[in-house]
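Sequential numbering from 20 applies to the first sequence in the working numbering.
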Amino acid sequence: MTWPLTPGGLIRKPAVYRDRNPDFTGGEAVVFTLEDYALLSVGEGECYLLPRADIPDSASIIGYHAKEDLKKLPAGASVEFDVMIAAFLLNPLLRQQELSALAKQELGVSMDEPGRRDDMTDETARLLTRVLWGLYNRYRQQLAEFPRIYSVATDIEWPLLPVLARMEEYGVKLDIDYLAAMSRDFAERLGDLETQIKSQAGEEFNINSPQQLQTVLFQTLQLPTDNIKRTQTGYSTGAAELEKLRDLHPIIELIFHHRELTKLKNTYIDALPEQVDSHNRLHTTFTQTVTQTGRLSSLEPNLQNIPVRSEEGKAIRRAFIAEEGNLLLQADYSQFELRLAAALSGDQSMIDSFNSGVDIHTQTAAELYGVELGEVTKQQRYNAKTVNFGVMYGMSPHGLHVATGMSREDAKAFIDQYFQLRSGLLEYLDALKTQAKEEGYVETWFGRRRPMPDIHSSNFAVRSAAERAAINMPIQGTEADLMKLAMIEADKALEPDCRQILQIHDSILVECPQERAEQATSSLKSSMESVAPQDLPLSLEVETSSGKHWGEL
DNA sequence: GACGAGGGCCAC
DNA sequence: AAACGTGGCCCTCGTC
Ligand SMILES: Nc1nc2c(ncn2[C@H]2C[C@H](O)[C@@H](COP(=O)(O)OP(=O)(O)OP(=O)(O)O)O2)c(=O)[nH]1
Ligand SMILES: [Mn+2]
Ligand SMILES: [Mn+2]
Numbered sequence: 020m021t022w023p024l025t026p027g028g029l030i031r032k033p034a035v036y037r038d039r040n041p042d043f044t045g046g047e048a049v050v051f052t053l054e055d056y057a058l059l060s061v062g063e064g065e066c067y068l069l070p071r072a073d074i075p076d077s078a079s080i081i082g083y084h085a086k087e088d089l090k091k092l093p094a095g096a097s098v099e100f101d102v103m104i105a106a107f108l109l110n111p112l113l114r115q116q117e118l119s120a121l122a123k124q125e126l127g128v129s130m131d132e133p134g135r136r137d138d139m140t141d142e143t144a145r146l147l148t149r150v151l152w153g154l155y156n157r158y159r160q161q162l163a164e165f166p167r168i169y170s171v172a173t174d175i176e177w178p179l180l181p182v183l184a185r186m187e188e189y190g191v192k193l194d195i196d197y198l199a200a201m202s203r204d205f206a207e208r209l210g211d212l213e214t215q216i217k218s219q220a221g222e223e224f225n226i227n228s229p230q231q232l233q234t235v236l237f238q239t240l241q242l243p244t245d246n247i248k249r250t251q252t253g254y255s256t257g258a259a260e261l262e263k264l265r266d267l268h269p270i271i272e273l274i275f276h277h278r279e280l281t282k283l284k285n286t287y288i289d290a291l292p293e294q295v296d297s298h299n300r301l302h303t304t305f306t307q308t309v310t311q312t313g314r315l316s317s318l319e320p321n322l323q324n325i326p327v328r329s330e331e332g333k334a335i336r337r338a339f340i341a342e343e344g345n346l347l348l349q350a351d352y353s354q355f356e357l358r359l360a361a362a363l364s365g366d367q368s369m370i371d372s373f374n375s376g377v378d379i380h381t382q383t384a385a386e387l388y389g390v391e392l393g394e395v396t397k398q399q400r401y402n403a404k405t406v407n408f409g410v411m412y413g414m415s416p417h418g419l420h421v422a423t424g425m426s427r428e429d430a431k432a433f434i435d436q437y438f439q440l441r442s443g444l445l446e447y448l449d450a451l452k453t454q455a456k457e458e459g460y461v462e463t464w465f466g467r468r469r470p471m472p473d474i475h476s477s478n479f480a481v482r483s484a485a486e487r488a489a490i491n492m493p494i495q496g497t498e499a500d501l502m503k504l505a506m507i508e509a510d511k512a513l514e515p516d517c518r519q520i521l522q523i524h525d526s527i528l529v530e531c532p533q534e535r536a537e538q539a540t541s542s543l544k545s546s547m548e549s550v551a552p553q554d555l556p557l558s559l560e561v562e563t564s565s566g567k568h569w570g571e572l
């Protein structure tokens, strides 16, 4: 039996060997790991089923979802080619990235039970061998037509795989006793809030149900609905709408507080301890094939959205601790996307600001709140961040009004002035829209692409959203590329027993022995600053901090 | 009990 | 008339 796996020809039925090992001491090979053994295929004509440990650590994997293979194979293995990531880089719009879906689409081969990694019959082994070699050959050819995308794969994504695999395995330690105490405290305060809210409402209802809350606010309490945004189900009870009612009824303040506490308790305080291992460590999964810009995402649990901006929320970060004798280090790029926007656009005003040491977030905050630069609070700088990025990426005067509370007129004037002051930035963003329209895609500094089909939509709202996405991607995506390179560098540079444990888009969290903290901080910072392309008109700056727990960083 | 949609909100 | 972008997770509610 032969199956047509490549357009060019047919591939022989591979032989399956179970009781002997191949003459393989390292190099490239198709690998597919199972629970306690692995499929190894050095050439397309044959494959071996052997104990995982028999795969040499100098193996360079050609596989699907190779990060999982790396976790199961001897340390030292690397990745030659990952067909899942290749497929994603070639087409990030792909909804289905399962091996079976790729096999169907690219090779016309149907794999019955997608994702099943147990029960390896000879037939399954042959199928996997054919499909993996087939996809490898297909995607290698396709990537060869787009050398810049190929280089993103070989220089960024594949070297990152072993780094991510180790980060996920190592995990981060959680102080579950601290969170348990916090949970009791929150439960008590929530009880009080519920009592007060229901007494204000004069009736029993579920505060967590936007539908019921809406009835209480706009029917029972007769609060005015002018200016309140409609949803499919009626009136919105989102924060922006409640804000308009804040002065009209004391229940609003209570609802805000209740929302904040339930959010923190349900999403973090109670949920995280349920997910620790026997050493009280949390292990996230970092995805490389989800975001349309090239950022990582983190899931189960998401450790990239741990609260920090509110004091109440930041207390949760104190639960992320270093092991006895260790310290946590954090390094975060300063004003990262603003710097990248300046560099990519060549806007002279922004470049001058950075080269003279201005902190644009702080500057915007001082302007927004009418205070001196030295008097800007953390909270004010956070708000300024939202304003700076919001305006850069297309926020409307109305949106700025909602975000800041300034009048629509002031908001419009602010936006006009923002771009008047930064005309080079405006031209660059405009050129990105043109590029998206003419080429159908936009790309990062390193050549990572995002197709933009909606840029041609006849629907104004859809088209406008695509334009805003198009101006964001090259900047956010370049941030993502640089961060990944920094992680690869840091992995090489960090001292023994110093481990990266989390990546949070433009920052890296490291756990290391106390006595190596200073050295490691310096290595981490240089790694991150070193990835800047050579001829940048400004430098990348990195802020570092260290402590026994995340809350003090 | 699982699933998806909707509303909402945490982070960068 | 409406207009920051990128994510993931929570709850409710209806359905299967
Ligand atoms: N579009 C958009 N991007 C954001 C927003 N918040 C953060 N980002 C992006 C741009 C930032 O440069 C990047 C990293 O976030 P940070 O919180 O570290 O902010 P940034 O580096 O700008 O300032 P920093 O000097 O670190 O305080 O994430 C936002 O509200 N909208
Ligand atoms: Mn930053
Ligand atoms: Mn950051």
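Where a beta carbon is used, it is the ideal one built from N, C-alpha and C, also for glycine.
For clarity, every value in this text was computed on a predicted model and none was experimentally measured.
Residue i CB to nearest heavy atom of ligand 3 below 6 Å
i, result
"Ser317", "no"
"Asp42", "no"
"Ser526", "yes"
"Asp378", "no"
Whole-Å CB distance - residue i paired with residue j, under 8 Å assumed
i, j, result
"Leu291", "Leu193", "6 Å"
"Val35", "Leu68", "7 Å"
"Pro493", "Glu462", "6 Å"
"Asp76", "Ala94", "6 Å"
"Glu498", "Leu359", "6 Å"
Buried or exposed by the 16-neighbour rule on C-beta atoms within 10 Å, applied to residue i
i, result
"His380", "buried"
"Phe373", "buried"
"His298", "exposed"
"Glu207", "exposed"
"Ser564", "exposed"
"Lys397", "exposed"
"Ile148", "The amino acid at residue 148 is misidentified as Ile; the sequence shows Thr. Answer is buried; the Cβ neighbour count reaches 16."
"Phe433", "buried"
"Glu530", "buried"
Contacting residues, own chain, Cβ-Cβ under 6 Å from residue i (five flanking each side not counted)
i, result
"Gly413", "Arg487"
"Ile340", "Lys192, Asp194, His568"
"Gln495", "Thr312"
"Glu260", "Ile247, Lys248"
"Ser316", "Thr306, Val309, Thr310"
"Arg328", "Tyr401"
"Thr256", "Pro229, Leu232, Gln233"
"His420", "Arg427, Ala430"
"Thr405", "Ala422"
"Leu322", "Thr303, Leu521"
Check: residue i C-beta below 6 Å from any heavy atom of ligand 1
i, result
"Ser549", "no"
"Gly447", "Per the sequence shown, residue 447 should be read as Tyr rather than Gly. Result no, Cβ not under 6 Å from ligand 1."
"Thr405", "yes"
"Gln354", "yes"
"Phe224", "no"
"Phe408", "yes"
"Tyr412", "yes"
Distance cut-off 6 Å: residue i Cβ against heavy atoms of ligand 2
i, result
"Asp500", "no"
"Asp351", "yes"
Own chain partners of residue i with C-beta closer than 7 Å, once the 5 adjacent residues on each side are dropped
i, result
"Tyr437", "Val410"
"Gln160", "none"
"Ile271", "Leu261, Leu264, Arg265"
"Ala362", "Leu555, Pro556, Leu557"
"Arg71", "Thr52, Asp55, Tyr56, Ala57, Lys91, Leu92"
"Ala489", "Leu451, Lys452, Ala455, Val461, Met471, Ile474"
"Pro133", "Residue confidence for Pro133 is low, a pLDDT of 48 falling below 50, so the modelled location carries little weight and cannot support an answer."
Cross-strand partners of residue i (DSSP beta bridge)
i, result
"Arg518", "Glu530"
"Pro470", "Tyr460"
"Tyr67", "Tyr36, Leu59"
"Phe339", "Leu193"
"Leu346", "Cys531"
"Gly376", "None; Gly376 has no bridge partner."
"Tyr352", "Val561"
Nonlocal neighbours in the same chain, by C-beta distance under 8 Å from residue i, ignoring five residues either side
i, result
"Glu394", "Ala385"
"Glu508", "Ser546, Met547, Ser549, Val550"
"Lys333", "Pro326, Val327, Gly570"
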